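A.B. asks: Numbering (the UniProt record's numbering), first residue to last: 1 to 447.
Beta carbons: idealized from backbone N, C-alpha and C, even for Gly.
Small disclaimer: the values here were computed from a predicted structure and weren't measured.
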Ligand SMILES: NC(=O)C1=CN([C@@H]2O[C@H](COP(=O)(O)OP(=O)(O)OC[C@H]3O[C@@H](n4cnc5c(N)ncnc54)[C@H](OP(=O)(O)O)[C@@H]3O)[C@@H](O)[C@H]2O)C=CC1
Ligand SMILES: O=C(O)C(=O)Cc1ccc(O)cc1
């Protein structure tokens, strides 16, 4: 990595143009930030949206030039970012890619890189260089300090430095990977995290419960589960479908998660306490065994207690079998994944999922209590059955590679929770802000 001088960056700003194809949530975020940093930016969305987009952008981001379609962006920009639905990347690159300006650089923002890179290799002229990116956070998270993956796939150092200097205005943490490394890591982190929270939502929906109305879902860990599940369901289905379906490593992960759920649930209902205990403690050793005695937990029940969607939160810790958390740690253990190895490339949701799992597994007495509940207490049996079935359904949909079925399943549950999204988003944002601040404080204390 070469860091260009301020003078060099200013020169580039005078001569280079950045183009964004797909001005949805992430494309707009990039357009705004690049333009605010002084880069010339142009972009487009679907041609049908041209007039409407041009008008809305005239007041929103007047500095950004809006073009009719991707041909105009491709012909004029020096660095072009495709920020479109993963499902359509090949079709869109096939259409506009051949029109790319001579010697320009192209990249993409899609969440899984193999299909993106293979589309570029197939459809871009040989003189065009390839540097891809992936911001590992949603469009409404502060980009500062969040991981940003940069992939120098087919590019000179000079071109890579140019892209990196454009990206530097986001103040994210740059992570340098190949596209293969990127896809392996994000399958471990993002895809399986989403599968777990999607399964929670579907399980609550299928048992006709709003978890914030039911006293058994109270306490900090439950708040985190509920808020993150609502956050995912309030988003666009294609983001989650794309990163799971198009990434072959993700299929293996999501399938293992469903298997872990089923096997653990079976031990619970058959009362196989010793076997369950042995399996869970083995998983604990494999996943958390390397943590020293002075390891500080990222999250705890008290910190998360305040982020409840309940009208009158009764508060306090509730006993729970925590099938979703036992299963994630078991599936990491079965696949030989140590999630801490990926922390440099983690999203806020993954850090929270790891944080609550770590809290359950590493707080003295909590895991034993959870195993006791799993074996003796039938209060959560129906919920756990629903959860096991939901995790299997998601694994099947992903393995069929069926975007339409994914969409139907996602939107079906989305409608059930829709009325709560404004409040859940506010609460989730507050919760994530507090957690990210804690991460920053920790990092500052360690440096
Ligand atoms: N949202 C997130 O949290 C993150 C998303 N990503 C990835 O970034 C990409 C964009 O995501 P996001 O911004 O959230 O999604 P959006 O749906 O908000 O944005 C995608 C945009 O591309 C437009 N589009 C589709 N086809 C074309 C075309 N032929 N020419 C120009 N524009 C087109 C879409 O229009 P239309 O809606 O009409 O189809 C839409 O406005 C996805 O691949 C996603 O996986 C990466 C990091 C985070
Ligand atoms: O943090 C998460 O997992 C999100 O849900 C936001 C998100 C979605 C897609 C990405 O490619 C990156 C981040």
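Measure the C-alpha to C-alpha separation of residue 293 and residue 205 and round it to an integer number of angstroms.
C.D. replies: Straight-line Cα distance between these residues: approximately 40 Å.
A.B. asks: Considering only the beta carbon of each residue, do residue 221 and residue 322 sit closer than 9 Å?
C.D. replies: Their beta carbons are under 9 Å apart, which means residue 221 touches residue 322 by this criterion.
A.B. asks: How close, in whole Å, do the beta carbons of residue 254 and residue 356 come, if the pair is a contact with beta carbons under 8 Å?
C.D. replies: The Cβ separation is near 19 Å, so there is no contact.
A.B. asks: Can we count residue 115 as close to ligand 1, meaning its CB is less than 8 Å from some heavy atom?
C.D. replies: Checking the Cβ of residue 115 against ligand 1 gives no.
A.B. asks: Just checking residue 316 against ligand 1 - is the residue's beta carbon closer than 8 Å to any of the ligand's heavy atoms?
C.D. replies: Because no heavy atom of ligand 1 lies under 8 Å away, the Cβ of residue 316 does not count as near it: no.
A.B. asks: Less than 8 Å separating the Cβ of residue 172 from some heavy atom of ligand 1?
C.D. replies: No, the beta carbon of residue 172 sits no closer than 8 Å to any heavy atom of ligand 1.
A.B. asks: Is it buried or exposed, residue 58, if we count other Cβ atoms within 10 angstroms and call 16 or more buried?
C.D. replies: Exposed is the call here.
A.B. asks: Taking 9 Å as the cut-off, decide whether the C-beta atoms of residue 122 and residue 86 are in contact.
C.D. replies: Contact: no.
A.B. asks: For residue 442 and residue 299, what's the separation of their Cα atoms in angstroms?
C.D. replies: Between residue 442 and residue 299, the C-alpha separation is close to 12 Å.
A.B. asks: Using a Cβ-Cβ cut-off of 6 Å (strictly less than) and excluding sequence neighbours within five positions of residue 406, which residues of its own chain qualify?
C.D. replies: Only 241, 397 meet the Cβ criterion.
A.B. asks: Could you name each continuous beta strand (DSSP E) segment of 3 residues or more that falls completely within the stretch 104 to 163, going from the start of the chain to the end?
C.D. replies: Qualifying beta strand (DSSP E) stretches, in chain order: 105 to 108, 129 to 135, 147 to 154.
A.B. asks: Check the DSSP bridge columns for residue 43 and list the partner residues they point to.
C.D. replies: 20, 66.
A.B. asks: State the DSSP-derived secondary structure class of residue 293, mapped to helix, strand or coil.
C.D. replies: The answer is coil: DSSP assigns residue 293 none of H, G, I, E or B.
A.B. asks: Let me confirm a value: residue 3 is counted as buried when at least 16 other C-beta atoms fall within 10 Å, else exposed. Which label applies?
C.D. replies: Residue 3 is exposed by the Cβ-count criterion.
A.B. asks: In whole angstroms, what separates the C-alpha of residue 44 from that of residue 31?
C.D. replies: Each residue's Cα considered, the two are about 11 Å apart.
A.B. asks: Where does residue 322 sit, in a helix, a strand or coil, going by DSSP?
C.D. replies: Residue state, collapsed to three classes: coil.
A.B. asks: Output needed for residue 160: all residues of its chain with C-beta closer than 6 Å, excluding positions within five of it in sequence on either side, in chain order.
C.D. replies: Only 131, 152 meet the Cβ criterion.
A.B. asks: Give the DSSP-derived three-state secondary structure of residue 340 in the structure shown.
C.D. replies: Residue 340: helix per DSSP, three-state reduction.
A.B. asks: Tell me the DSSP bridge mates of residue 175?
C.D. replies: DSSP, once it has assigned bridges, lists 149 as partnering residue 175.
A.B. asks: Between residue 156 and residue 128, how many whole angstroms is the CB-CB distance? I'm expecting something under 8 Å.
C.D. replies: That belief does not hold up - the Cβ atoms of residue 156 and residue 128 are roughly 12 Å apart, past 8 Å.
A.B. asks: Quick check on the burial criterion: 16 or more other C-beta atoms within 10 angstroms. Buried or exposed for residue 422?
C.D. replies: Exposed, since its Cβ has fewer than 16 Cβ neighbours within 10 Å.
A.B. asks: Here's a check: name, in chain order, each residue in its chain whose Cβ is nearer than 8 Å to the Cβ of residue 213, leaving out the five neighbours to either side.
C.D. replies: Same-chain partners within the cutoff: 310.
A.B. asks: What residues match up with residue 81 in a beta bridge as DSSP calls it?
C.D. replies: 20, 107.
A.B. asks: Output the distance between the C-alpha atoms of residue 104 and residue 81, rounded to the nearest integer angstrom.
C.D. replies: Going by the C-alpha atoms only, they are around 11 Å apart.
A.B. asks: Which residue marks the beginning of the alpha helix (DSSP H) containing residue 531, and which one marks its end?
C.D. replies: Residue 531 is absent from the model: the chain starts at 1 and stops at 447.
A.B. asks: Answer yes or no: the CB of residue 190 versus the heavy atoms of ligand 3, is any distance below 8 Å?
C.D. replies: Ligands present in the displayed structure are limited to ligand 1 and ligand 2, and ligand 3 is not among them.
A.B. asks: Inspect the beta-carbon positions of residue 226 and residue 211 and report whether they are closer than 9 Å.
C.D. replies: Yes, they are a contact pair.
A.B. asks: CB-CB under 6 Å to residue 189, same chain, minus the five flanking residues each way: which ones, in chain order?
C.D. replies: Hits under 6 Å: 342, 346, 350.
A.B. asks: Between which two residues does the alpha helix (DSSP H) carrying residue 364 extend?
C.D. replies: Where residue 364 is concerned, there is no enclosing alpha helix (DSSP H), given that its DSSP letter is neither H nor E.
A.B. asks: For residue 456, tell me which candidate among 181, 146, 184 has the shortest Cα-Cα distance.
C.D. replies: Since the first residue shown for the chain is 1 and the last is 447, residue 456 is missing from the structure and cannot be characterised.
A.B. asks: Could I get the ranges of all uninterrupted alpha helix (DSSP H) runs contained in the stretch 365 to 389, with 4 residues as the minimum, in chain order?
C.D. replies: For the stretch 365 to 389, whole alpha helix (DSSP H) runs of length 4 or above, ordered along the chain, are 366 to 376.
A.B. asks: Does the Cβ-Cβ distance between residue 114 and residue 181 come in under 9 Å?
C.D. replies: No, these two residues do not count as a Cβ contact at 9 Å.
A.B. asks: Output needed for residue 249: all residues of its chain with C-beta closer than 7 Å, excluding positions within five of it in sequence on either side, in chain order.
C.D. replies: The answer, listed in chain order, is 183, 184, 187.
A.B. asks: Looking at the structure shown, is residue 391 part of a helix, part of a strand, or coil, going by DSSP?
C.D. replies: In the structure shown, residue 391 sits in a helix (DSSP, three-state: H, G or I).
A.B. asks: May I ask which residues mark the beginning and end of the alpha helix (DSSP H) holding residue 279?
C.D. replies: 273 to 288 is the span of the alpha helix (DSSP H), which, as asked, contains residue 279.
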